[in-house]
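What follows is a single structure, written as structure tokens, with notes after it.
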Amino acid sequence: MLHALFFDLDGTLTDSQAGITNSIKYSLQQLQLPPLDAATLQLFIGPPLLASYQKYCNVSAATAQKALVAYREYYTQKGIYENKVYAGIPAALATLSHHYQLYITTSKPEKFAHQISDYFNLSPYFTGIFGATMDEKRSKKSEIIAYTQAQAGLHQPEQLVMVGDRENDINGAHQHQLHSIAVTYGFGSIPELKAAAPDSFVARPADLPQAVAQLAATLQ
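First residue of the sequence shown? That's 530 in this note's numbering, and the numbers climb one at a time after it.
The structure is reproduced here in structure tokens:
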């Protein structure tokens, strides 16, 4: 029997591509680092930023930290609002919240997750909103899932579902024995998500309630 759903934020609830990529571009300019192509910029959306800077910009941890500071200069002023809720998400959340506890479980700093949820009127649907620390010492999706479980007192993983658009969402669910649903309308590629092996796939936000109901039916 399912009890709660954990939702990723970027690429699952909101289309945050413009705000995140503009913030990255700004940080690269400030540090005089080479620009990145659009496909590489998109890979930053979802996973922890410090690791992404090191991986895709080939910089040291110290330089990645400086890039993150510059990123947040832009993001806190403009980038956080260069964002939009996917069509169909509010209705899907309204339906699901009648049957399950809903949580946001994101690698974005928790402070920003609250701001975004409040700004776009998503907060009323959620029992709790959990994210990374500002220094990213807690930032991997597996860590955020464990943190959500601990804070919410949800200790039966077979009753939980992680919903997300990137492999780190699905892999994090596997690490903690949660069920998982991959959404294909976000920023992860189909091959990436198939390789992660979620329980099911969802192509549109409007299909989320049905996908959850079908998963729940298999567990009864």
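All residues carry an ideal CB built from backbone N, CA and C; glycine is no exception.
{"Check": "Proximity of Q644 and I609 at Cβ, strictly below 8 Å", "Outcome": "yes"}
{"Check": "Three-state secondary structure assigned by DSSP to P638", "Outcome": "strand"}
{"Check": "Beta-bridge pairing of Y632 - partner residues as DSSP gives them", "Outcome": "F535 and G657"}
{"Check": "Under the three-state DSSP convention, the category S668 falls into", "Outcome": "coil"}
{"Check": "Under 8 Å between C-beta atoms of V690 and L534", "Outcome": "yes"}
{"Check": "Under 8 Å between C-beta atoms of A725 and N700", "Outcome": "yes"}
{"Check": "Neighbour-count burial assignment, V741, 16 or more Cβ in a 10 Å radius", "Outcome": "buried"}
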